[in-house]
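Visitor: Below are the structure tokens for one structure; questions will follow.
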Amino acid sequence: MPANLHTPNWNDLRILLYVARAGGLMAASRRLGLDQTTVARRVTALETDLGVKLIDRSPRGVSLTSQGLTLLEHAERIEAELMSASERLGAVGQTLSGTVRLSTPEAFGAHLVAPAAHQFHQRFPGLQLELVPESRSVNLMRREADIAISLSRPTQGRIVTRKLADYSLGLYAARDYLARTPPLEDLAQLLERPLVWYIDEMLDVPELRYLDQVAAGATTVFRSNSIAAQQAAVASGLGFGVLHRFSAEPDPRLQRVLPEQLDLKRSYWVSAHADLAPLPRVRAVLDFLADLVAQHAASL
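The opening residue of the sequence shown carries number 796 in our numbering; numbering runs sequentially from there.
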């Protein structure tokens, strides 16, 4: 290394990590509890020490240069090693502690994870689980979550991933609605019936855009990207909806319709950043999720 360059200290690297993940100096300053001027000055000092430009500024925020991305990879590994060392030292003779943020599709989080919160707490009393139900893709590289469950396998970034479980969706309607309307004898008749669905143009998850597969051209009377809202609307007697079997079957208000004609199969994938996956607290949640889907295998 040239004599006029300095080895960056961890505090400055940590600030660069926050800037990269937040996508801007102001957002990073809020997360760090520092003022924006201090964050900008520390990044500039880091660039000066290394003799390279690390970020490009624009009205839309900041982006890392190629040199910044290279340094980011090293900074993330340093961060992971520090966290791993801290957790392993702290775990000696102690229970796991800390926080793990888990991002899941709404139905999985609300109907499988949340009802098992007491099990999780009994198993890991010192560990706090943050559940973030999402209808969008989460960026693990930006540390938006420690663990993410998605409907497709991530293909970019340093991600450790595996299939968690397969699940089924079916056509449902409220029992009282079915009692007062003519029976649905074929999926084609959905074109003449009220249907509850997603707001397709607001979805960034391709696996949820399956209206044409069910009833192309059907009339929708209620749309929401919340699957819980969809199920509530269907259960109110509004019309038909495609719902998760594991959430709809236990609802006494609902009845499945035409199961032999509509049985959609989808998969859940669980992923973590490669640097975080070995951490004891992250491994604990990954193991818990595996046990959870094993418990519910018959209902998925």
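Beta carbons are placed, not taken as given, at the ideal position from N, Cα and C, and that holds for glycine. Treat the numbers as computed from the prediction; the structure is a model and nothing was measured.
So residue 962 is in the beta strand (DSSP E); what residue range does that whole segment cover?
Guide: Here the beta strand (DSSP E) through residue 962 covers 954 to 969.
Visitor: Would the beta-carbon of residue 807 fall within 8 Å of that of residue 841?
Guide: For residue 807 and residue 841, yes; Cβs fall inside 8 Å.
Visitor: I'd like to confirm the pairing. Which residues does DSSP put opposite residue 942 in its beta bridges?
Guide: DSSP output for residue 942 lists 897, 1067 as bridge partner(s).
Visitor: Could you check if residue 916 is buried or exposed, using at least 16 other CB atoms within 10 Å of its CB as the buried criterion?
Guide: Exposed is the call here.
Visitor: Assign residue 853 to one of two classes, buried (16 or more other C-beta atoms within 10 Å of its C-beta) or exposed (fewer than that).
Guide: That one is exposed.
Visitor: Where does residue 992 land, buried or exposed, given buried means 16+ other C-beta within 10 angstroms?
Guide: By the neighbour-count rule (16 or more Cβ atoms within 10 Å), residue 992 is buried.
Visitor: With burial defined as no fewer than 16 other Cβ atoms inside 10 Å of the residue's Cβ, what is the status of residue 994: buried or exposed?
Guide: Under this definition residue 994 is an exposed residue.
Visitor: For residue 1071 versus residue 1077, is the C-beta spacing smaller than 8 Å?
Guide: Yes, Cβ-Cβ distance for residue 1071 and residue 1077 is below 8 Å.
Visitor: Whole angstroms is fine: what's the gap from residue 962's alpha carbon to residue 1041's?
Guide: Computed Cα separation, rounded: 8 Å.
Visitor: At a cut of 8 Å, does the stretch 1036 to 1050 reach the stretch 925 to 942 through at least three beta carbon pairs?
Guide: The stretch 1036 to 1050, when compared against the stretch 925 to 942, does not touch it at the 8 Å Cβ threshold.
Visitor: Excluding sequence positions up to five away, which residues of its chain have a Cβ less than 7 Å from the Cβ of residue 1010?
Guide: Answer for residue 1010: 982, 985, 986, 990, listed in chain order.
Visitor: State the Cα-Cα distance for the pair residue 1023 and residue 874, rounded to the nearest angstrom.
Guide: One C-alpha to the other measures close to 37 Å.
Visitor: Among the candidates 837, 978, 1060, whose CA atom is the shortest distance from the CA of residue 1005?
Guide: Looking at the Cα atoms, 1060 is the closest of the given residues.
Visitor: May I ask which residues mark the beginning and end of the beta strand (DSSP E) holding residue 852?
Guide: Counting along the chain, the beta strand (DSSP E) containing residue 852 begins and ends at 850 to 853.
Visitor: So what does DSSP say about residue 1075, is it helix, strand or coil?
Guide: DSSP places residue 1075 in helix when its eight states are reduced to three.
Visitor: Find the nearest neighbour of residue 934 within the set 914, 892, 896, 910, judged by alpha-carbon distance.
Guide: Cα-wise, what sits closest to residue 934 is 896.
Visitor: Within the stretch 966 to 1040, note down every full beta strand (DSSP E) run reaching 3 residues or more, in order along the chain.
Guide: With a minimum length of 3 residues, the continuous beta strand (DSSP E) runs that stay inside the stretch 966 to 1040 are 990 to 992, 1015 to 1018, 1035 to 1039.
Visitor: Compute the Euclidean distance between the alpha carbons of residue 845 and residue 812, then round it to the nearest angstrom.
Guide: If you take the alpha carbons of residue 845 and residue 812, they lie about 16 Å apart.
Visitor: Locate the alpha helix (DSSP H) running through residue 842, then write down its first and last residues.
Guide: That run of the alpha helix (DSSP H) goes 831 to 845.
Visitor: If I follow the unbroken alpha helix (DSSP H) through residue 814, where does it start and stop?
Guide: Segment 805 to 817, the alpha helix (DSSP H) holding residue 814.
Visitor: Do residue 907 and residue 1081 have their C-beta atoms within less than 8 Å of each other?
Guide: No, they are not a contact pair.
Visitor: Under three-state DSSP, which class holds residue 856?
Guide: Strand.
Visitor: Could you tell me the alpha carbon to alpha carbon distance between residue 953 and residue 872, rounded to whole angstroms?
Guide: Between residue 953 and residue 872, the C-alpha separation is close to 11 Å.
Visitor: Taking the Cβ atom as the reference point for each residue, do residue 862 and residue 847 lie within a distance shorter than 8 Å?
Guide: Taking 8 Å as the Cβ cut-off, residue 862 and residue 847 qualify as a contacting pair.
Visitor: Could you give the distance in angstroms between the alpha-carbon of residue 1085 and the alpha-carbon of residue 1067?
Guide: Those two C-alpha atoms are separated by around 14 Å.
Visitor: Can you name the residues that DSSP bridges to residue 914?
Guide: DSSP, once it has assigned bridges, lists no residue as partnering residue 914.
Visitor: Going by beta carbon distance, what residues of the same chain come within less than 6 Å of residue 887, once the five residues before and after it are set aside?
Guide: Note that residue 887 scores 47 on pLDDT, short of 50, meaning its location in the model is unreliable; the coordinates nonetheless yield the value given after this. Answer for residue 887: no residue qualifies.
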